[in-house]
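Just so you know, we're using the working numbering here: the sequence shown kicks off at 18 and counts up by one.
From the three backbone atoms N, C-alpha and C, an ideal C-beta is built for every residue, glycine too.
Quantities reported herein were computed from a predicted structural model and do not represent experimental measurements.
Worksheet for the structure shown next.
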Amino acid sequence: MKRTIGLLCALLTLFTAVLPGCASKEGSAAQKPSGQPAAGSQEAAPAQKVKLTFLKGGTQPMDREYWSDYIGRYQQEHPEITIEYSEATWSDFDTKVNVALAAGAPPDIVGERLGGIAVRGNAKQYVDLNPYIDGLPDKDDFMPSMMDLGNYEGAQIAFPVYPGPILFVYNKEHFKEAGLDPEQPPETWEEMLSAAERLTVKEGDIVKRAGFLLTPDNDWIVCPIMRQNGVDFADENGDPNWNVPEMVEALDFIKELSQYSITVTSQQESQTPPFMDGTASMSVLSPSSISQFISEHPEQKENIGVFYPKKARQSVWSGCEFLSITTDSKNHDAAWDFIGQSVTSDEMWTRYEKANFPVVRQSLKDKYIDADPVLNSAIYNSMSIGKGAEKTLWWLSGLKYILNASTEVVYNQKTSQEALDSNYQQFLEAIQ
18 MKRTIGLLCA LLTLFTAVLP GCASKEGSAA QKPSGQPAAG SQEAAPAQKV KLTFLKGGTQ
78 PMDREYWSDY IGRYQQEHPE ITIEYSEATW SDFDTKVNVA LAAGAPPDIV GERLGGIAVR
138 GNAKQYVDLN PYIDGLPDKD DFMPSMMDLG NYEGAQIAFP VYPGPILFVY NKEHFKEAGL
198 DPEQPPETWE EMLSAAERLT VKEGDIVKRA GFLLTPDNDW IVCPIMRQNG VDFADENGDP
258 NWNVPEMVEA LDFIKELSQY SITVTSQQES QTPPFMDGTA SMSVLSPSSI SQFISEHPEQ
318 KENIGVFYPK KARQSVWSGC EFLSITTDSK NHDAAWDFIG QSVTSDEMWT RYEKANFPVV
378 RQSLKDKYID ADPVLNSAIY NSMSIGKGAE KTLWWLSGLK YILNASTEVV YNQKTSQEAL
438 DSNYQQFLEA IQ
């Protein structure tokens, strides 16, 4: 019995000697400040350097200034990230993306347009962003109508960052000079045609100031005119639906309106819109172009009016630009972080202030309209009545032939019916 008690005492003494050491180690780990490694652990490895490539469609100066500024600020906050930014005109954009993908050197981030959603989505070239978006605590704040534009068959392959309603604008001073009421802009095709004639300034037979600037290969102009006459480029099933009598009437009107225009290319128009240098009295402008014009000529802000011409209905071009991540990118998470920070409430407002990008957060709507009640209300109205590219696989091909028909008519190469018939036939052959 004594031996048993002695053995128990010895064990108890040994246990008590060991226990303080265990308690000491456990207590020191629990008291370690949060975020610091426990004793004996290795320091966290420094963040790995990542290079992201960002290819954006469109070359508008104010857009470029904003993205360059955002990239600079983002890189300052994330020194482990380097972002290589490049642009392409929309006419070259798809080719540039395709070449990069084929060469195995995909851009990580792509600044896409609405017309590319179906094509890229069908080819599964862009990542479904839904898993990332689901992690946002305020994901329901984004306008559903805008998010839907970047959705293809349930996959959110593109995040809307720049709703692009294109406004029909007019110069109020020019209206006064021509004896027109600057507070009563045209509401119908007939009124627009009459105003364009009175506003046009000529030297001999040469138009020096356009009553209405009409570039026949500019989808921002000709597609809304066609839709105003009741043309639906796609039917309810997404099939082509533009070989219709209303299309011929629209081409006739485009031809008639073109006599009051100066001659510029779409590229020239996008770089230096004639409306902004006073050589066009009526035209179409994007919100960022309007913002650029006002920043350069603040005294002209009250001189810009907005109007909504109508035949069968009102319509304006209302596209959208997006940010997407290529499927072949090896930096999906880093690319999403760049996109995710660009669509925070604060950054979205910064984008509006710097480049007049309309907001896509519902919580910012009232603040946005209050910032400029006249212009921003017009932009919101244009978003509600506007439509951009058809979200179909054939749209980009179809648009080529639609604009070609318009160009052939304006330059007297074919009648409206001939241009429509030949281009529609070529289009059908191209998509077979």
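(1) Helix, strand or coil for Glu338? Go by DSSP, reduced to three states.
(2) Would you call the stretch 289 to 309 and the stretch 224 to 240 touching, i.e. three or more CB-CB distances under 8 Å?
(3) Tell me which residues share the same chain as Gln173 and place their Cβ nearer than 8 Å to its Cβ, disregarding the 5 neighbours each side in the sequence.
(4) Pick from Ser362, Glu338, Trp411 and Ser306: whose alpha carbon is nearest that of Ile126?
(5) Give me the Cα-Cα distance between Ala416 and Ala251, rounded to the nearest whole angstrom.
(6) In terms of residue numbering, what span does the alpha helix (DSSP H) encompassing Tyr149 cover?
(7) Using only the alpha-carbon positions, how far apart do Ala395 and Ile386 sit?
(8) Would you kindly work out how many angstroms separate the C-alpha atoms of Glu204 and Gln449, rounded to a whole number?
(9) Excluding five sequence neighbours on each side, which residues of the same chain lie with their C-beta closer than 8 Å to the C-beta of Trp107?
(10) Glu129 bridges to which residues according to DSSP?
(11) Report yes if the C-beta distance between Lys431 and Ser423 is below 8 Å; otherwise report no.
(12) Considering Cα atoms alone, identify which of Val186, Ser335 and Arg81 is closest to Lys408.
(13) Counting along the chain, where does the alpha helix (DSSP H) carrying Gly357 start and finish?
(14) Would DSSP call Leu136 helix, strand or coil?
(15) Are at least three pairs of beta-carbons, each pair with one atom in the stretch 311 to 328 and one in the stretch 182 to 196, less than 8 Å apart?
(16) Take Lys404 and list the residues in its own chain whose beta-carbon comes closer than 7 Å to its own, dropping the five residues that flank it on each side.
(17) Give the DSSP-derived three-state secondary structure of Pro177 in the structure shown.
(18) Output the distance between the C-alpha atoms of Val427 and Gln77, rounded to the nearest integer angstrom.
(19) Quick one: Cα of Tyr83 to Cα of Met400, how far?
(20) Can you tell which of Val377, Ser359 and Ala388 has the C-alpha that lies nearest to the C-alpha of Glu370?
(21) How would you label Leu437, buried or exposed, when you count the other beta carbons within 10 angstroms and need 16 or more for buried?
(22) Please report how far the alpha carbon of Gln379 lies from the alpha carbon of Pro290, in whole angstroms.
(23) Below 8 Å on the Cβ atoms is my contact criterion, and I expect Val360 with Phe176 to pass it. Report the Cβ-Cβ distance as a whole number of Å.
(24) Just to confirm my understanding: we take Val136, look at its own chain, exclude 5 residues before and 5 after, and list those with CB closer than 7 Å. What are they?
(25) From the DSSP output, in three-state form, read off Pro304 for me.
(26) Compute the distance between the beta-carbons of Leu392 and Ile271, then report whether it is under 8 Å.
(27) Looking only at DSSP bridge pairs, what is Gln331 linked to?
(28) Going straight from the alpha carbon of Ala352 to that of Tyr102, what length do you get?
(29) Put Glu43 into one of helix, strand or coil per three-state DSSP.
(30) Within 10 Å of its beta-carbon, does Thr112 have 16 or more other beta-carbons around it, so buried, or fewer, so exposed?
(31) If you reduce the DSSP assignment to three classes, tell me which class Ser211 lands in.
(32) Helix, strand or coil for Met299? Go by DSSP, reduced to three states.
(33) Mapping the DSSP letters down to three states, classify Val116 as helix, strand or coil.
(34) Counting along the chain, where does the beta strand (DSSP E) carrying Phe185 start and finish?
(35) Counting only runs that start and end within the stretch 210 to 251, where is the alpha helix (DSSP H) found for 4 or more residues in a row?
(36) What first and last residue would you give for the beta strand (DSSP E) that runs through Tyr102?
With the structure as the only source:
(1) strand
(2) yes
(3) Asp145, Leu146, Asn147, Ile150, Met164 and Gly167
(4) Glu338
(5) Position check: residue 416 holds Leu in this sequence, whereas Ala was assumed. Taking the straight line joining both Cα atoms gives about 12 Å.
(6) Asn147 to Ile150
(7) 9 Å
(8) 40 Å
(9) Gly74, Gly75 and Arg130
(10) Phe339
(11) no
(12) Ser335
(13) His349 to Ser359
(14) The sequence shown places Val at residue 136, not Leu. If DSSP states are grouped into helix, strand and coil, Val136 belongs with the helices.
(15) yes
(16) Arg244, Ser332 and Ser335
(17) strand
(18) 26 Å
(19) 22 Å
(20) Ala388
(21) buried
(22) 31 Å
(23) 6 Å
(24) Leu410 and Leu413
(25) helix
(26) no
(27) Lys327
(28) 13 Å
(29) Residue confidence is low: Glu43 scores 34 on pLDDT, short of 50, so the model does not pin down where it sits. Its coordinate-derived value is still stated next. Here Glu43 sits in helix by DSSP.
(30) exposed
(31) helix
(32) strand
(33) helix
(34) Leu184 to Asn188
(35) 236 to 245
(36) Ile98 to Ala105
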